[in-house]
């Protein structure tokens with residue numbers, strides 16, 4: 001527990017000023033986090049990260065993560081998807097050059113990870129630098145309170161397992177409790193920091209985002225259980241990897257975009 005607290009304090013000391021500064025600082029940080037998250041996918045799959053296919057995968061996740069203005073140099077008939085397509089084609093050519101040491105299945109996992117990880121961190125940039133710090137904090141605190149509320153309420157009152165095949169410690173009581181804590185927070189937060197929509201629609205959005213955060217956590221749990229690992233990485237002592245800490249946000253932040261809030 002002591003190690004978890006120390007890591008959390010150090011991470012917040014680094015991360016909070018970056019969030020406040022926004023702009024290029026956050027863009028560089030989001031790109032670095034996306035590449036680290038991609039490396040965790042490779043490590044969980046026991047793939048070598050000092051390799052050509054990881055280099056191409058890193059370029060792929062960066063191509064998704066970077067802000068839209070980065071593509072201003074492209075000819076008018078090309079866009080971000082064209083760049084990503086070329087990168088995936090290069091990965092497919094690696095299957096030929098490596099004589100199937102890198103397989104089509106490997107490329108499929110990388111392609112999915114490129115879009116899932118990259119879209120999450122791209123929207124971290126888009127929400128902060130577009131919608132603003134208050135909207136990003138709304139999402140961040142919702143996710144943190146959902147997770148914390150689920151943990152403490154689950155420990156105190158949890159009796160019915162939520163999805164034991166994927167995450168044996170989670171309970172329905174904890175999950176519902178975490179959602180309620182998040183909605184209560186939202187009701188207070190939007191009184192001081194009004195958001196895009198009026199009060200009641202924002203409460204509905206808060207509940208939706210809280211549930212999406214819980215599902216993002218379950219997706220990460222399913223991934224780790226499939227690969228037989230406890231944590232996605234070790235970069236954050238006591239907390240695991242970047243995917244362990246950003247699992248919910250990878251789903252929640254793109255939802256803000258879909259809801260027109262970013």
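Numbering (the working numbering), first residue to last: 1 to 262.
Yeah, the Cβ is synthetic: ideal placement off N, Cα and C, and Gly gets one too.
1. Closer than 7 Å by C-beta to residue 102: which residues in its own chain qualify, once you throw out the five before and the five after it? Chain order, please.
2. Please give me, in chain order, every unbroken run of the alpha helix (DSSP H) with length at least 4 that falls completely inside the stretch 113-169.
3. In the DSSP output, what is residue 216 paired with across the bridge?
4. If you scan the stretch 222-248 from start to end, which runs of the alpha helix (DSSP H) of 4 or more residues do you find wholly inside it?
5. What's the gap between the Cα of residue 262 and the Cα of residue 158?
6. Are residue 318 and residue 57 closer than 8 Å when you measure CB to CB?
7. Who are the near neighbours of residue 200 in its chain, counting only those whose CB is closer than 7 Å to its CB and skipping five residues on each side?
8. For the alpha helix (DSSP H) that contains residue 261, what are its first and last residues?
9. Please classify residue 30 as buried or exposed, where buried requires at least 16 other C-beta atoms within 10 Å of its C-beta.
10. I'd like the span of the alpha helix (DSSP H) that includes residue 175, first residue to last.
11. What are the start and end residues of each continuous alpha helix (DSSP H) run of 4 or more residues lying completely inside the stretch 68-110, in chain order?
12. Between residue 202 and residue 255, which are expected to be in contact by the criterion C-beta below 8 Å, what is the C-beta distance as a whole number of angstroms?
13. So what does DSSP say about residue 33, is it helix, strand or coil?
14. Are three or more beta carbon pairs between the stretch 135-145 and the stretch 174-186 nearer than 8 Å?
15. I'd like the span of the alpha helix (DSSP H) that includes residue 22, first residue to last.
16. From 12, 252, 246 and 49, pick the residue whose C-alpha is nearest to that of residue 205; which is it?
17. Among the candidates 40, 73 and 208, whose CA atom is the shortest distance from the CA of residue 242?
18. Are the CB atoms of residue 60 and residue 109 within a distance shorter than 8 Å?
19. Using 8 Å as the Cβ pair cut-off and three pairs as the minimum, do the stretch 116-131 and the stretch 145-161 touch?
20. Should residue 177 and residue 210 be called a contact, given that it needs their Cβ atoms to be closer than 8 Å?
21. Quick check: what's the CA-CA separation for residue 294 versus residue 106?
22. Under a three-way DSSP split, which group does residue 55 fall into?
23. To the nearest angstrom, how far is it from the Cα of residue 173 to the Cα of residue 259?
24. Nearest to residue 51 by alpha carbon, out of 75, 98 and 77?
25. Can you tell me which of the three DSSP states residue 48 falls into?
26. Which same chain residues end up closer than 7 Å to residue 64 when comparing Cβ atoms and leaving out the 5 residues on each side of it in sequence?
27. What's the C-alpha gap between residue 79 and residue 66?
28. By how many angstroms is the C-alpha of residue 132 removed from the C-alpha of residue 89?
Well, looking at it:
1. 53, 94 and 95
2. 133-157
3. Its beta-bridge partners do not exist; DSSP assigns none.
4. 242-246
5. 35 Å
6. Beyond the ends of the chain as shown, which are 1 and 262, falls residue 318; an answer cannot be given.
7. none
8. Unbroken run through residue 261: none, as it is neither H nor E.
9. buried
10. 172-192
11. 80-97
12. With 8 Å as the limit, residue 202 and residue 255 do not qualify as a contact, their Cβ atoms being about 14 Å apart.
13. helix
14. yes
15. Unbroken run through residue 22: none, as it is neither H nor E.
16. 252
17. 40
18. no
19. no
20. no
21. Residue coverage of the chain in this structure runs from 1 to 262, which leaves residue 294 outside it and unanswerable.
22. helix
23. 28 Å
24. 98
25. coil
26. 84, 114, 115, 118, 119 and 122
27. 13 Å
28. 36 Å
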